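Read in order, the letters of the sequence shown correspond to residues 1 to 399 in full-length UniProt numbering. Cβ coordinates follow ideal geometry from the N, Cα and C atoms, glycine included. Small disclaimer: the values here were computed from a predicted structure and weren't measured. Take a look at the structure set out below.
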Amino acid sequence: MKMISTNLLREHPRNKEFFDDIQGQAWQDFLESIKTSGIITPLIVTRNEDETYTVISGSQRLRAAKELGIEEVPCEVRTYKDRDGITKEDWILKDLIETNLRQRGKGNLNDLKLARCLVELMRIYGIRRGGDRKSELVNSSYQTDKMSDSTVEFSQSYLAELIGISERQLRRITRLNNLIPEIQQLIDEGKLSTTEGVQLAALDEEVQRKLYYALGEDINKMTAQQIRKIKEESEESIKELVDEINSLRRELQSREYTLKLKEEEISKKESLIKQYETAIKFNDEKIKRLENGVIKTVEVIPDNIKKELEKLKKEQVEAEEKLNLLQQELERTKREYEELKLQATSDEKAKKIIDEINRLNDRISTFREIASCSSEVREQLKNSILSLKKSLENALGSF
1 MKMISTNLLR
11 EHPRNKEFFD
21 DIQGQAWQDF
31 LESIKTSGII
41 TPLIVTRNED
51 ETYTVISGSQ
61 RLRAAKELGI
71 EEVPCEVRTY
81 KDRDGITKED
91 WILKDLIETN
101 LRQRGKGNLN
111 DLKLARCLVE
121 LMRIYGIRRG
131 GDRKSELVNS
141 SYQTDKMSDS
151 TVEFSQSYLA
161 ELIGISERQL
171 RRITRLNNLI
181 PEIQQLIDEG
191 KLSTTEGVQL
201 AALDEEVQRK
211 LYYALGEDIN
221 KMTAQQIRKI
231 KEESEESIKE
241 LVDEINSLRR
251 ELQSREYTLK
261 LKEEEISKKE
271 SLIKQYETAI
281 KFNDEKIKRL
291 ENGVIKTVEV
301 IPDNIKKELE
311 KLKKEQVEAE
321 EKLNLLQQEL
331 ERTKREYEEL
341 KLQATSDEKA
351 KKIIDEINRL
361 NDRISTFREI
371 ASCSSEVREQ
381 LKNSILSLKK
391 SLENALGSF
């Protein structure tokens, strides 16, 4: 531990992203405690290249010291580096979040900022929804006992235990990160509850944004029952639409296969035409050589030479006829190929329609998870969904 000037201490640039300043009476009590007892627990800091220090834990103690005119504070200086697949910056961030969570406790955080803490730790540990990670973390003096286990399995249950909440709470709270910034702001301002936020987080960003701009702060009036009814009314028609999609998808696959066959057919015919052209040229040269040789040496052409010439000329005529037919077939195949390519352009449009309908179906399936709405909102959502469905059906009808 060493005493460091408060002028050299810097708050971590992401500290306020995860933690709020202590406010009101709690802050006054905190100041009084520092004034009467001093700073008992050292700040945790790390040294920067410019000889300043970044505060890992103790930003509120530093804030109090500056307000009270304390020039030096006790600090524990830690050194960080890249190791075990984790960057130096992430080791610092991990300690920043974990030490503050332990000292402040979950109860001193708003759920939105706790959600940011949890998701950041999950990223660092490599934890995914339903997943886990085996990590070979090197022991250090500042790791918890559980983290010191070199074969610790990092999972949601481990993180929940580390923070002091249930796995269910962890999954619930982390969903707040799926909210658009405007709705997160409503939670920050106390205009939307965590429960309402979690339910809205089940919707994708586009749906959240439309709801927010349509309803504003009244977004908290949506009910699961009303949204469920919208879903039930839409399910039957959506199923019919999905059947159409599957049929269209099979047709697209068939067209793609036919297009590929046409490409192969064109390639084979072009190759065959080249072979016939070569054979015709060879026969033509052979006929000329025979005719020129006979005319120069004899006045009467021998029967055997005459027969060979007749045979070659007959083969030449047949080859030219076949070549002509092949060229006609090639032109016809190319026309068919171009028609298929034009259809493929429509197929791309069809694929986009399929994707849009699939997205619509996904959105509708999430409505059951919303927990509060007015009858006006219910009707508005229903009309919006059915309008989009109708436009997509019309688009499909053009194929």
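> Closer than 7 Å: is that where the CB of Q60 sits relative to any heavy atom of the ligand ZN?
Replying inline: Absent from the structure shown: the ligand ZN. Ligands present: none.
> When the distance is taken between beta carbons, is Q156 closer than 8 Å to R171?
Replying inline: yes
> In angstroms, rounded to a whole number, what distance separates the CA positions of K191 and F19?
Replying inline: 20 Å
> Quick one: what's M3 bridged to in DSSP?
Replying inline: P74
> Which two residues bound the contiguous alpha helix (DSSP H) that contains S166?
Replying inline: Counting along the chain, S166 falls outside any alpha helix (DSSP H), and DSSP gives it neither H nor E.
>> Please report the straight-line C-alpha distance between C373 and I219, rounded to a whole angstrom.
In response: Unreliable placement is indicated for C373, whose pLDDT of 47 sits below 50; no coordinate value is reported for it.
> For the candidate residues Q316, I124, E270, whose alpha-carbon lies nearest to that of N283?
Replying inline: Q316
> Under 8 Å between the Cβ atoms of V55 and R14?
Replying inline: no
> With distances taken from CA atoms, which of E89, Y53, D95, T174 is nearest D111?
Replying inline: T174
>> Please identify the residue among T46, L325, E318, L176 whose C-alpha is closest to the C-alpha of L8.
In response: T46
> Measuring CB to CB, does L186 end up less than 8 Å from A201?
Replying inline: no
>> I'd like the ranges of any alpha helix (DSSP H) spanning at least 4 consecutive residues and lying wholly in the UniProt domain "ParB-like N-terminal" (2-96).
In response: 15-18, 24-37, 59-68
> Any idea if Q60 is buried or exposed, counting beta-carbon neighbours within 10 angstroms, 16 or more meaning buried?
Replying inline: buried
>> Using the Cβ count rule (16 or more neighbours within 10 Å means buried), how would you classify Y53?
In response: buried
> Does G190 get closer than 8 Å to chain C when you measure Cβ to Cβ?
Replying inline: Absent from the structure is chain C; it holds one protein chain and no more.
> Among Y212, E339, I163, which residue has its Cα nearest to the Cα of residue 413?
Replying inline: Because residue 413 is not part of the residues shown, which for the chain are 1 to 399, the question remains open.
> Apart from the five residues just before and just after I273, which ones in its own chain have a Cβ nearer than 6 Å to its Cβ?
Replying inline: L326
> To which residues of the same chain is A64 closer than 7 Å at the C-beta, ignoring the five residues directly before and after it?
Replying inline: F30, L31, I34
>> If contacts are defined as beta-carbon pairs under 8 Å, then T99 and I44 qualify, I think. What distance do you get, rounded to the angstrom?
In response: 6 Å
>> What does the alpha-carbon distance come out to for the pair E153 and Y125?
In response: With a pLDDT of 47 at E153, under the threshold of 50, the modelled position of this residue cannot be trusted; read the value that follows with caution. Roughly 10 Å between the two C-alpha positions.
>> Suppose you measure from the CA of D50 to the CA of G216; what does that come to, to the nearest Å?
In response: 47 Å
>> Checking 8 Å against the spacing of the C-beta atoms, do A115 and L176 come in under that value?
In response: yes
> Ends of the alpha helix (DSSP H) at G197?
Replying inline: 194-200
> Quick one, are the C-beta atoms of I4 and V73 less than 8 Å apart?
Replying inline: yes
> If you compare alpha carbons, which of R83, K334, H12 is closest to S267?
Replying inline: K334
> Should I40 go down as buried or exposed, given a rule of 16 or more other Cβ atoms within 10 Å for buried?
Replying inline: exposed
> Less than 8 Å separating the beta-carbons of E277 and L312?
Replying inline: no
>> Can you find the residues in the same chain that come closer than 8 Å, C-beta to C-beta, to R280, ignoring five residues on each side of it along the sequence?
In response: Looking at the sequence itself, residue 280 is Ile, so the reference to Arg does not match. Excluding positions up to five away in sequence, the list reads Q316, A319, E320, L323.
> Quick one: Cα of L252 to Cα of E265, how far?
Replying inline: 20 Å
> In terms of residues, what are the limits of the alpha helix (DSSP H) holding D188?
Replying inline: 181-188
>> Going by DSSP in three states, Q143 sits in which element: helix, strand or coil?
In response: Confidence in Q143 is poor, its pLDDT being 41 and thus under 50, which makes the residue's placement unreliable; the coordinate value appears in the next sentence. Residue state, collapsed to three classes: coil.
> Taking the C-alpha atoms as reference points, what is the distance between T6 and V77?
Replying inline: 14 Å
>> By alpha-carbon positions, which one of E285, L342, K288 ends up nearest to E256?
In response: L342
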